[in-house]
Structure formats: C-alpha cells, structure tokens
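Visitor:
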Amino acid sequence: MANQSLPQTPMSERERKKFLRGAIFLMATSSIGPAFLTQTSLFTQQFMASFAFAIVASIIIDIGAQLNIWRVISVSGLRGQEIAGKVLPGLGLFVAILMVFGGFAFNIGNVAGAGLGINVLFGLPVELGAAITAVIAIVIFLVRNAMRIVDWVMQVLGIIMIVMVGYVMFSTSPPLQEVLIKAVLPDNFNALLLPIVTLVGGTVGGYISFAGGHRLIDAGVVGKENVGFVSRAANYGILTTGIMRVFLFLAVLGVVTLGYTLDEGNPAATVFQVALGDIGYKMFGIVLFAAAISSVIGCAYTSISFLRSFHPFFEKYNSTIIAVFIAISTIIFVFIGRPVQLLVLAGALNALILPVVLTTILIASRKKSIVGDYRHPTWLIVFGIIAIIVTIGAGYISIGALIDLWTG
Numbered sequence: 171m172a173n174q175s176l177p178q179t180p181m182s183e184r185e186r187k188k189f190l191r192g193a194i195f196l197m198a199t200s201s202i203g204p205a206f207l208t209q210t211s212l213f214t215q216q217f218m219a220s221f222a223f224a225i226v227a228s229i230i231i232d233i234g235a236q237l238n239i240w241r242v243i244s245v246s247g248l249r250g251q252e253i254a255g256k257v258l259p260g261l262g263l264f265v266a267i268l269m270v271f272g273g274f275a276f277n278i279g280n281v282a283g284a285g286l287g288i289n290v291l292f293g294l295p296v297e298l299g300a301a302i303t304a305v306i307a308i309v310i311f312l313v314r315n316a317m318r319i320v321d322w323v324m325q326v327l328g329i330i331m332i333v334m335v336g337y338v339m340f341s342t343s344p345p346l347q348e349v350l351i352k353a354v355l356p357d358n359f360n361a362l363l364l365p366i367v368t369l370v371g372g373t374v375g376g377y378i379s380f381a382g383g384h385r386l387i388d389a390g391v392v393g394k395e396n397v398g399f400v401s402r403a404a405n406y407g408i409l410t411t412g413i414m415r416v417f418l419f420l421a422v423l424g425v426v427t428l429g430y431t432l433d434e435g436n437p438a439a440t441v442f443q444v445a446l447g448d449i450g451y452k453m454f455g456i457v458l459f460a461a462a463i464s465s466v467i468g469c470a471y472t473s474i475s476f477l478r479s480f481h482p483f484f485e486k487y488n489s490t491i492i493a494v495f496i497a498i499s500t501i502i503f504v505f506i507g508r509p510v511q512l513l514v515l516a517g518a519l520n521a522l523i524l525p526v527v528l529t530t531i532l533i534a535s536r537k538k539s540i541v542g543d544y545r546h547p548t549w550l551i552v553f554g555i556i557a558i559i560v561t562i563g564a565g566y567i568s569i570g571a572l573i574d575l576w577t578g
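Going by this note's numbering, the letters in the sequence shown line up with residues 171 to 578, in that order.
1) For R415, collect the residues of the same chain with a Cβ closer than 7 Å to its Cβ; drop the 5 residues on either side in sequence, then sort them by chain order.
2) Of all the options P345, T561, I302, which has the alpha carbon lying nearest to the alpha carbon of A282?
3) Could you give the DSSP three-state label for H481: helix, strand or coil?
4) With DSSP collapsed to three states, give me the class of V259.
5) Quick check on DSSP: helix, strand or coil for Y544?
6) Using the beta-carbon count (16 or more within 10 Å), is G260 buried or exposed?
7) Could you give the distance in angstroms between the alpha-carbon of F359 and the alpha-carbon of F217?
8) When you compare only the Cα positions, how much space is there between L346 and F553?
9) Express the C-alpha separation of G393 and I288 in angstroms, rounding to a whole number.
10) My output table needs one value for L528: the three-state DSSP class, helix, strand or coil.
11) Reducing DSSP to helix, strand and coil, say where S379 ends up.
12) Assign G429 to one of two classes, buried (16 or more other C-beta atoms within 10 Å of its C-beta) or exposed (fewer than that).
13) With distance defined between alpha-carbon atoms, name the residue in G407, F459, I194, T561 nearest to P204.
14) Tell me the rounded alpha-carbon separation between G272 and A470.
15) Taking the alpha-carbon positions, what's the R402 to T548 distance?
16) Leaving out five residues on either side along the sequence, give the residues of the same chain with a beta carbon under 8 Å from the beta carbon of A266.
17) Name the residue from I562, S535, L212, I498 whose alpha carbon lies nearest to the alpha carbon of I278.
18) Which word fits G293, buried or exposed, when buried means at least 16 other C-beta atoms lie within 10 angstroms of its C-beta?
19) Put S175 into one of helix, strand or coil per three-state DSSP.
20) Look at M349 and A445 and say whether their C-beta atoms are less than 7 Å apart.
21) For the putative contact between I496 and A304, defined by C-beta atoms under 8 Å, what is the C-beta separation to the nearest angstrom?
22) Do W240 and V400 have their beta-carbon atoms positioned less than 7 Å apart in this structure?
23) Evaluate the contact criterion for the region 480-489 versus the region 372-386: three or more CB pairs, one atom per stretch, below 8 Å.
24) What is the rounded straight-line gap between the Cα of Y451 and the Cα of I501?
25) So V335 packs on A421, CB below 8 Å; how close in whole Å?
26) Which of the three DSSP states is assigned to S343 in this structure?
27) How many angstroms separate the CA atom of Q174 from the CA atom of I523?
28) Do you know offhand how far G382's Cα is from L312's?
29) Leaving aside the five residues before and after F131 along the sequence, list all residues of the same chain whose C-beta is less than 6 Å from its C-beta, in chain order.
30) Would you check if the distance between the CB atom of F206 and the CB atom of P365 is smaller than 7 Å?
31) Using DSSP with H/G/I as helix, E/B as strand and the rest coil, what is S475?
32) Tell me, to the nearest whole angstrom, how far the beta carbon of R385 is from that of A193; I am working on the premise that it is less than 8 Å.
33) Are D448 and T440 closer than 7 Å when you measure CB to CB?
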C-alpha cells in the first residue's frame with residue numbers, strides 16, 4: 171500500500187505545519203510564472219470585469235482537481251508515476267516521460283522570464299539574466315538541506331509577489347462593485363469558456379498538479395491520519411494562487427478601465443508602469459523575477475521527482491540531476507532562444523496527459539491495494555470528473571494550436 175521507503179517516524183505538529191507551508195507555496199508559486207502574468211493581463215483587457223467569473227470558476231475546479239491528487243498521493247505514500255503504474259502497468263513510465271519533457275520545455279520559458287526580470291531591474295542582457303537565475307537555482311539545490319531552503323525561498327517569493335501586486339491593485343482603484351456583479355452574472359458566458367479552460371490548465375496542468383503532493387511525500391507527510399492537513403494545504407495552495415490572480419486581475423482592470431491599452435509584448439509591465447510610473451516598472455521586474463525563478467525551482471524539482479522511483483541512481487543523485495535539468499534548459503535558451511515548436515508541443519502533451527493522470531487518480535482512490543481502507547469522498551470524485559472534462563477541453567485547444575503552428 172504505502173511506500174515503505176519513506177520516513178514513517180512520528181512528526182511533531184510544528185514540523186508538519188512547516189512542511190505543509192512548504193508544499194502550499196511550492197505548488198502556488200510553481201503555477202505563478204511569466205505565462206500566468208501574461209494570461210491574466212490579456213484576458214482581463216479582453217473581458218474586463220466579466221473575467222471575474224472565469225477566475226471564480228477556475229478556482230473551484232482547481233480545488234477539486236488538487237484535492238483529489240494531494241489526498242490520494244498522501245494516503246498512498248506513492249508519487250504520481252507510481253500510482254499510474256499500479257493502475258495500469260507501463261502507464262507510470264509513460265506519464266513520467268511526458269512530465270519530464272513538458273517540464274523541461276516550460277523551464278526554457280521560465281528562465282527566459284527570469285532573465286527579462288533581471289533586464290528590467292538592472293539593464294543586463296536577458297540571456298545573462300537567465301544564466302544568473304540558473305546559477306542561483308542550482309546553488310539552492312546543491313547545498314545541504316536543499317529542500318528546507320527551497321521551502322523558505324518559495325514562501326518568501328510568494329509573499330513578495332502577493333504584497334507587491336496587492337499594492338499596485340489598491341493603487342489603480344478597480345471598480346469592485348461591478349466585479350462582484352460580473353463574477354456571478356458575466357456579459358458573455360460562452361466566450362468565457364476558453365479563459366476558464368486556460369486558467370485551469372495553467373494552475374493544475376502538467377507538473378504543477380504534483381508539486382505540492384510530491385513535496386509532502388519527500389517530507390514523509392503520508393497516511394490516512396494526515397488527510398485533514400493535506401486537504402487544507404491543497405485548498406490554501408489554490409487560494410494563494412487565486413489571491414495572486416485576483417489582485418493582478420483587479421490591478422489590470424483598474425488600468426484598462428481608465429482607457430489605457432496594454433503592451434502586447436509585455437502586458438503586465440504596462441499595469442505597473444501606469445499605476446506607479448518608473449518605480450512601478452522596477453516593481454514589475456521584481457515580481458516577474460520572483461514569479462519566474464520560483465517556477466524554475468518548482469518545475470525542476472517536480473519534473474525530476476517523476477524519475478526517482480525508477481532507479482536508485484535518480485534517488486541518490488536527485489539534486490545533481492535537478493541542477494543539470496536547469497543548466498540544460500538555460501543553455502538552450504541562451505544559445506538557441508525559446509523554441510516555439512518545443513513549447514507548444516509540450517503544452518499540448520501536458521494538456522493531454524492531465525486528464526489521463528486525473529482519471530488514474532480517481533481509479534486509484536477506489537483501489538484498496540493503493541489506498542488501503544481509506545474511503546475517498548464521492549463529492550471529490552464528482553469534482554474530479556468535472557476537472558477531467560475541463561482538461562480534455564484544454565487538450566483539444568492545445569492540439570488545435572499545435573496543428574495551427576505546424577501547418578501555418
């Protein structure tokens with residue numbers, strides 16, 4: 171049933187809460203990357219206050235998906251690929267390969283975003299900024315007690331992003347009353363389906379779904395007795411991401427309501443600059459760097475965690491392999507750039523694999539050989555099915571984008 175190689179010694183309440191905070195921020199900051207900032211800004215400009223409905227809907231679906239994944243992973247003591255392999259032999263390896271490939275491709279975009287953040291702050295070339303980011307991330311993973319440092323860094327970066335974006339949000343004076351109305355009664359419900367699917371894919375897509383759950387496995391927070399804590403951690407992780415998205419949405423809405431048009435190449439930067447001038451632009455650089463480097467760390471850690479159960483080599487040299495993963499993705503960006511085909515292909519594959527993995531998790535939740543005598547709530551099964559339907563929609567959209575790319 172549970173993974174017997176994990177530490178099973180009793181954990182104090184203080185230690186457990188510390189690890190749960192680490193898992194919360196690892197998941198939350200992993201999903202708040204450069205694409206998160208761009209998506210939220212552009213969708214807000216397009217749908218104005220009605221975008222509030224898409225945010226609320228996506229948060230509800232996200233909670234359902236994450237609760238299913240976190241609870242089954244924690245109760246079983248198994249990582250995502252191990253659960254998949256127990257449900258269907260060979261599926262675990264298939265899932266691991268796609269997760270590692272997808273995470274690798276997305277990490278190229280993450281280091282690029284961090285490089286742009288350093289460019290905004292210090293005027294250094296983007297490529298040099300990306301290299302500096304990689305060195306920082308690699309050093310974090312190669313020191314002793316690396317995961318404790320990762321937990322602390324992710325919490326600090328998450329708080330910095332929320333505070334700064336929150337400050338900008340209050341500075342732009344968004345129309346809150348209209349937002350509250352449109353969150354329930356949007357202008358065009360059908361048009362909001364694409365943003366909802368996109369937001370769900372961005373916050374629980376690919377490796378992000380497993381970032382927090384796999385961190386809990388490493389910390390030994392497993393077993394039925396921890397279900398309550400794990401459920402709260404999953405909810406807090408989604409809500410942390412949701413708060414960041416709401417703050418950014420309101421900040422953008424306040425700016426576009428005044429008649430400003432966002433820069434297509436860097437829409438979030440416009441918001442900060444309009445709100446606070448040159449100081450705001452520097453604040454954007456800090457937020458972008460924090461979002462990008464936290465995604466680099468979360469992406470690398472979670473992607474490589476999908477290999478750890480296949481051979482003792484991956485377990486023994488986990489930190490070194492993570493460092494190599496970050497280094498290679500950075501080298502590709504510095505010398506080749508951001509290969510669009512690779513990024514779109516990774517997005518399409520991750521969007522397709524997520525409903526497969528979610529289905530696997532739901533099946534596993536009913537298998538005694540995996541979860542023992544734990545009984546998974548029926549309402550969570552329903553939530554999971556809804557999330558699967560939404561992620562199938564995301565996969566369809568991603569495949570369409572892939573076809574357009576190669577035929578266009």
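Beta carbons are placed, not taken as given, at the ideal position from N, Cα and C, and that holds for glycine.
Guide: In short, the structure shows the following:
1) Closer than 7 Å at the Cβ level, and outside the excluded window around R415, lie T210, I225.
2) Comparing Cα-Cα distances from A282 to each of P345, T561, I302, the minimum goes to I302.
3) Of the three classes helix, strand and coil, the one that applies to H481 here is coil, per DSSP.
4) In the sequence as displayed, the identity of residue 259 is Pro instead of Val. The answer is coil: DSSP assigns P259 none of H, G, I, E or B.
5) Three-state result, Y544: coil.
6) By the 10 Å Cβ count, G260 comes out exposed.
7) F217 has its alpha-carbon roughly 11 Å from the corresponding atom of F359.
8) Looking at the backbone, the Cα of L346 and that of F553 are separated by about 29 Å.
9) Computed Cα separation, rounded: 42 Å.
10) Residue state, collapsed to three classes: helix.
11) Shown here, S379 sits in a helix according to DSSP, grouped into three states.
12) Exposed, because fewer than 16 other Cβ atoms sit within 10 Å of the Cβ of G429.
13) Nearest C-alpha to P204: F459.
14) Rounded to the nearest angstrom, the two C-alpha atoms are 11 Å apart.
15) Taken atom to atom, the span from the alpha-carbon of R402 to that of T548 is near 18 Å.
16) These residues qualify, in order along the chain: Q251, F476, L477, F480.
17) Comparing Cα positions, the closest option is I498.
18) Looking at its Cβ environment, which holds fewer than 16 other Cβ atoms inside 10 Å, G293 is exposed.
19) Residue placement at S175 cannot be trusted, given a pLDDT of 41 that sits under 50; the coordinates are not used to answer.
20) Sequence check: residue 349 is Val here, not Met. When the beta-carbon positions are compared, V349 and A445 stay at least 7 Å from each other.
21) About 5 Å separates the two Cβ atoms, so the contact holds.
22) Result yes, Cβ atoms of V400 and W240 sit closer than 7 Å.
23) No, because fewer than three Cβ pairs between the region 480-489 and the region 372-386 fall closer than 8 Å, the two stretches do not touch.
24) Y451 and I501: Cα-Cα distance of roughly 28 Å.
25) Their Cβ separation, rounded to whole angstroms, is 6 Å, which keeps V335 and A421 in contact under 8 Å.
26) Taken through DSSP and simplified to helix, strand or coil, S343 comes out as coil.
27) Any reading at Q174 must be qualified, since the residue scores a pLDDT of 40, below 50, and its modelled position is unreliable; no value is offered.
28) If you draw a straight line from the Cα of G382 to the Cα of L312, it is about 20 Å long.
29) A question about residue 131 goes unanswered here, because the residues of the chain that appear run from 171 up to 578.
30) It is not a contact, given that the beta carbons lie outside the stated cut-off.
31) Of the three classes helix, strand and coil, the one that applies to S475 here is helix, per DSSP.
32) Confirmed, about 4 Å.
33) Cβ atoms of D448 and T440: not closer than 7 Å.
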